[in-house]
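Below is one structure, written out as C-alpha cells, with a few remarks after it.
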Ligand SMILES: [Zn+2]
Ligand SMILES: [Zn+2]
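Shown next, in the form of C-alpha cells:
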C-alpha cells in the first residue's frame, strides 16, 4: 500500500494565516456581488455560505471552507502532503509556488484526504482556485491518483470539488499535460472496480481539469453559475470573432447541453451528496 | 443446433416467374431514371447493374439480383424456408402474402443463407422490397435471428442488405414490433462473440428495420442515394409542417451526420465487402 | 381536449344527480339512505358496464386523457425519494424523457420514463413526451449506470411513437433506438417495464425491453398508432377506431399473446379519476414482480430475458411442393420482371 | 505562409548556385566534378549546421510547414490498403479527424489521426485539423472497434490544440477528451502513437495515450501552444519564440523526460523536403516498435501502459517543519482572508 496518510498526529500542515493586514478597510467588511453588484456585509456572507442573498450568486470559496461545509466535523484525515518540483526549470516557478503557499497556507492547489459525509466514509479532494488558479501540476495529479487508489483499496466512493481556472499548470509543461492521463486512468480503475465517483464542478472548472478526472464522474453536479468548459471564453471569443451566446459555459448552459446531471445550491450540496452516498452504499443500509 | 438448412437437394423454392405477359410493350424495353429522367434501355441497365449511366442513380434491385452480384457463383445455400401465419387474424393478410409470393417467387421478404464472398464464408441476408415493401414480420425476424445464430455457431461474419420500406409489418402488430428486439438481440450475441457484421443499407431502409439489426453493424455501408431513416419523409413533413432540407434522409445526409461508415457504388460493393472480410479474417490470411 | 369522453356522459349525469340529491337531503335533513344506496348501486353498475365494454379505440383515448398521471406523477407517488439525473453527456438534456435514482420499497432503483406535459406550456417544453435521440441516449446512460451499481431498472412507458421530426432523423433516432434495444437486452440487472399510457412502436420499445412488462388497464401497446395504421390502410387517419380494433393493442389481447405479464387494474373510470389509487395498484404489482426478479441469479435472468424475445413470432416451415429451381442459377432471373414488381409497389 | 523559412535562406541560395553551376557544366561539357563535389559537401555542412541549431520555435514552425505531410499523406505512404470509416454515429462526420482500417506490414490495423488541409479550401472543410467533439467520438468508436477485432491501433497526431469554438464547447469537448483518454488507456490492443507535427494539449492527448509514443524530429508536444503560453505569461502572443524555449517541447527534451520512446529522423531540411523518405523512416520505427508490442501478452501490455502514466510527475513528500494546526478546526478559518486571495488572483 502507498503511504498516503501522514503519520499521526493527524494535523494539517496548512498554515492558517492569522494576520489580517488590511483590517479596518471597507474591502474587508463589505464585498460587491459579481452578479448583481449588491454590497454585502462579510459577516452576512459567512452565514449564507458565501452566496449572495440578493441574487443567489455563488462566490468562490476556499478549499478549507468547502471542506468545512461538506464533511462531518472532525472526520477529515489529510493525505501526506506533497510539494512540487520544477521539472522544466521554468523561470520563477519556485517563487510563484512559494508565494501561493504563503498566501493560501496550502502545499499546492488541492486538499485531499478521507472524511465522512453524513456518516459515509469517502475520499474527498478539493481544488483551491487561490493556489495558482487551481491548476493541475504533478502534485495535484499525484494526490488525486492516490485518492482514487486509496478508494479502490478500501472500496470507497470519491467526491471531488474542482474549481481550477486554467486547468493545466503550464510551468510543468508536458508533466502537467500527463496528469490528465494519470488522473483519468486512476479514475478508470476506480470505475472498473464498480465504485462511485461524484464530481462537483465549482466556479471555474476549465481546461485540463475539466478534460480529465472531473468529467469522469458517475454523477456530475455543478454549483449554479459555475464556469465550465475546456477553452476559456476569452480565447473562444478571440478565435471565432463571434459574440458568445448568453450564459455560454455556465453550469446552466452545460446542463441544457446534456453535460451535467444536476445543479445544486451550495446550501443543499451536503444533503444531495449525502443522499447519493446513501443510495450507493454497498451494505444496503438504506 | 437449429435446423436452419433445408434437406438436400439444396434448391431454392423461389419460383422464378417465367411468363412475360407484357412482352413487347415499351415499358419492358425502356426504363425512366427516377433521378435524371433519362430513358435507359433495359439491356443497358442490366450491364450497369441497374445504375443509371447518365447520373449514377441506383435503381432498386431484387434480392435475387443482389445475391447474384454479391456472392461467389454457386456458393449460396439457402436456409429452410419459413412462411408466415396470421397471428392477429388481420383481415386480408393471407391474401396479401399469397399475392406477394406469386409476384416475387419468394416465401417472404428475405433471402437468407450461407455463401462465399471472395472466398470467405458468410451468412448473407437480403431483404426484398418487392415483397410487401420489405417489411419485417415474424418470418424475416426469425430468419435473421437464425442467421446470426448460425454465424455464432460457425464463427462467421454476417452481411445484410436491408431495403425494407415501412420497416415493420403492421399486419402482425405487436409480433412485428418484437422482431426488432429479437433480431437486435441475436446480433447482440453475435457482437459479443467478437464477430463481424457488415450492414448494407439499400434504398429504402426505414422504420423498424433501420431501428434494429440494420443499425447494429460493426461497419455500416450504404448505396448512393438510398433513403435511410426511421420516420418516413412524408410523415415528417406532415407532422413538422416544415420544408425538408435538401437531401433529407439520403445516404449522403446520413454520412454527413455521422451515421454511416461509407457510401459505396454498386459496382464496387463486392470488392469493398471482400476486402473488409479479408481484413477481419480470423486465420489472419492477409 | 375535454376531460370527459362522450361515452361517459350518462354516467356523469347520474353522478351529478346523486350529488344534487345528497345536497338536498343534507339541507332538508331527511332520511333517504335506502333510496340513495339504490341510486349509488345503479351508478356503480353503469360505471362497470361502460368501462367493461370500452372499445380498443376508447381505450386509446383513455390512455391519452389529459388528466392521466404522467411519469413524474407516478415517480412522486411510487418512490420515497427521487433524484433526477439529466443529460446524455453528448448533446442535450431531452425533457421528453426523465430519469434518475428513486427509492422503491426501501431500495434504490433507476427509473426512466417518457414525460408528457401536464399543460400546453409543459407539453411544448417536453415535445409532448416525444424524445429526440438525446433522450434515448440519456435513458441508456442511466440504465448502464444502474447496471454498474447493481440497481434494478424501472421504465415507465408513455409515448405515441417515435417523433417524426427533422432533427430527430438528422441525429439518428433509428440508430439510437436500435442501440437502446440491444444494450438493454444484455443489462445485468432486473428490468421492470410498465406501459402506463401509450406504447407506440420503436419509441416505446427503446425503453421497453425487460424481464417483466406490466401494463395499466387502459394503456395500449402496438407496432404502430391506430391513426398511422388507418392512414396506411385506407389513407384516412379518421378511421383509427377501426384500425385500433385490428391491431389487438389492448392489455387483454397482449396478455393472451403472452407479450405482457400483468395488467394493473385502474380505478373505475380510469387512472385520471384517482391518481393515488392507480399508483397504489401499480406499486403492488411492481413490488410483487420485482421481488420475484431479485431472486433469480443474474446470469439466468439475462438468459431468460433473451429467451423471452427469442420465442416471439408466428411462422412455420414451408412444405415444399413447388417445382424446384436452382437459386444459384442467377442468369435465369429476368430483370424485366423486377421492374414490374417495383411498379406494383409504388 | 511562404514555403521556406528565414533561416533557410543562405542554404536555398547556395542550393540555387550549385544548380546553376551544374546546368552550366552540362551545357559546356566541362569536367568540374572535383569543384562540384566540394560545393555540395559545403552545402551539406550548411544544412546540418542550420538544422542542428534550430531553436524550439523554429522547430514549431517546421512542424507547421504547409508542405509537411498530413495524416492522409502518411496513410497513403505507410499502408498497403486503407478503407476510410466515417462518422461518430451520434452527430456528424468530423473531417478534422480521419480514421479507418489500414494494412500495415501485411497486417490490418486501425488508424486515426488529425487531418489538416493541404490548401485553403481543404483547411476550411477540415477546420484546420481542429476536431469538434464528434471527431474525438469517431476516433474512440474506431479504436473500440479495433479492440473488438484485436487490431493494433496507430494514431497520427498533428493538432495545435483543442479548438476554442462555440460549438465545440457547447457539445462538450472537455468531456469527450476525458472519455477518450480514459477509454484508450484500457483498450486491450497495442497502441502506437506518432506525433507527426504538432502535439498541442488535450487535442493531442485525446488520441495520444499509448504503449509507445514516437515523434518526428521536427514535431513538438506540449501542454500548451507557445503562443498561448506567451499570451498568458506576458499578454503577448508574439513572444512565442521565448515561451517555446521555456516549454521544453522538442523531441530531444521529451526523450530526456522519457515522455516519448523514439525520435524519427527527418530528411535534412524537414519532412516537407521529401515525403517518401520521411515515411520510410517512420515506417521502420513503427515496424520495430509494433513488433515488440505484439509480443507482450495483452494483460501485461495494458498494465505497463497504465504504469507508464502512473509514474509521471515531479514532486516530493513535504518535510513538516511548520507549526501544526488542526485542519478540522474549521472555525479558525477567516473568510475575509480568502477574499484577499481571490483579489490577488484576478
Ligand atoms: Zn448578487
Ligand atoms: Zn439517371
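Chains as they are written, first to last, in the numbering used here: chain E, 3 to 288; chain C, 3 to 288; chain P, 5 to 350; chain V, 5 to 350. Don't be surprised by glycine CBs; every beta carbon is placed ideally from N, CA and C.
Along the beta strand (DSSP E) that carries residue i, what are the first and last residues, could you check?
i                      : result
residue 116 of chain E : 112-119
residue 164 of chain E : 160-164
residue 197 of chain P : 195-204
residue 227 of chain V : Per DSSP, residue 227 of chain V belongs to no beta strand (DSSP E) and is neither H nor E.
residue 84 of chain E  : 84-86
residue 123 of chain E : 122-129
With DSSP collapsed to three states, give me the class of residue i.
i                      : result
residue 162 of chain P : strand
residue 180 of chain C : helix
residue 206 of chain E : coil
residue 244 of chain P : helix
residue 56 of chain P  : helix
residue 263 of chain V : coil
residue 217 of chain V : strand
residue 299 of chain P : helix
residue 191 of chain P : coil
residue 71 of chain C  : helix
residue 170 of chain C : strand
residue 266 of chain E : coil
residue 245 of chain E : coil
residue 9 of chain V   : coil
With a Cβ-Cβ cutoff of 9 Å, do residue i and residue j count as a contact?
i                      : j                      : result
residue 170 of chain P : residue 116 of chain P : no
residue 127 of chain C : residue 107 of chain C : no
residue 141 of chain V : residue 95 of chain V  : yes
residue 62 of chain C  : residue 165 of chain C : yes
residue 289 of chain E : residue 204 of chain E : The structure shown does not extend to residue 289 of chain E, since chain E is modelled only from 3 through 288, so no value can be given for it.
residue 230 of chain V : residue 298 of chain V : no
residue 22 of chain V  : residue 44 of chain V  : yes
residue 73 of chain P  : residue 293 of chain P : no
State buried or exposed for residue i, treating a residue as buried only when at least 16 other CB atoms are found within 10 Å of its CB.
i                      : result
residue 209 of chain P : buried
residue 332 of chain V : With a pLDDT of 45 at residue 332 of chain V, under the threshold of 50, the modelled position of that residue is not reliable, and the figure given next carries that caveat. Classification for residue 332 of chain V: buried.
residue 30 of chain V  : exposed
residue 69 of chain P  : buried
residue 197 of chain E : buried
residue 177 of chain C : buried
residue 270 of chain V : buried
residue 308 of chain V : exposed
residue 41 of chain C  : exposed
residue 1 of chain E   : This structure leaves residue 1 of chain E out entirely; chain E is present only between 3 and 288.
residue 184 of chain V : buried
residue 101 of chain V : buried
residue 17 of chain P  : exposed
Please compile the residues from chain V whose C-beta is within a distance smaller than 8 Å of the C-beta of residue i.
i                      : result
residue 127 of chain C : Near residue 127 of chain C there are no residues of chain V at all, since even the closest Cβ is about 21 Å away, more than 8 Å.
residue 121 of chain C : Chain V residues near residue 121 of chain C: none, gap ~17 Å exceeds 8 Å.
Give the residues of chain E in contact with residue i, contact being defined as C-beta atoms less than 7 Å apart.
i                     : result
residue 27 of chain P : By Cβ distance, chain E contributes nothing, its closest Cβ being about 47 Å from residue 27 of chain P, past 7 Å.
Residue i versus chain V: which residues are under 9 Å apart at the beta carbon?
i                     : result
residue 93 of chain P : 176, 179, 180, 183
Along chain E, in chain order, which residues have C-beta atoms closer than 8 Å to that of residue i?
i                     : result
residue 89 of chain P : 221, 263, 264
For the alpha helix (DSSP H) containing residue i, list its first residue and its last residue.
i                      : result
residue 170 of chain P : 170-174
residue 78 of chain P  : 75-82
Give the interface partners of residue i over in chain V, defined as CB-CB distance under 7 Å, in chain order.
i                      : result
residue 85 of chain E  : 319, 320, 322
residue 178 of chain E : 227
residue 214 of chain E : 182, 185
If you measure beta-carbon to beta-carbon, which residues of the region 156-178 of chain P are closer than 8 Å to chain B? Judged by its chain identifiers, the structure shown contains no chain B, and its protein chains are E, C, P and V.
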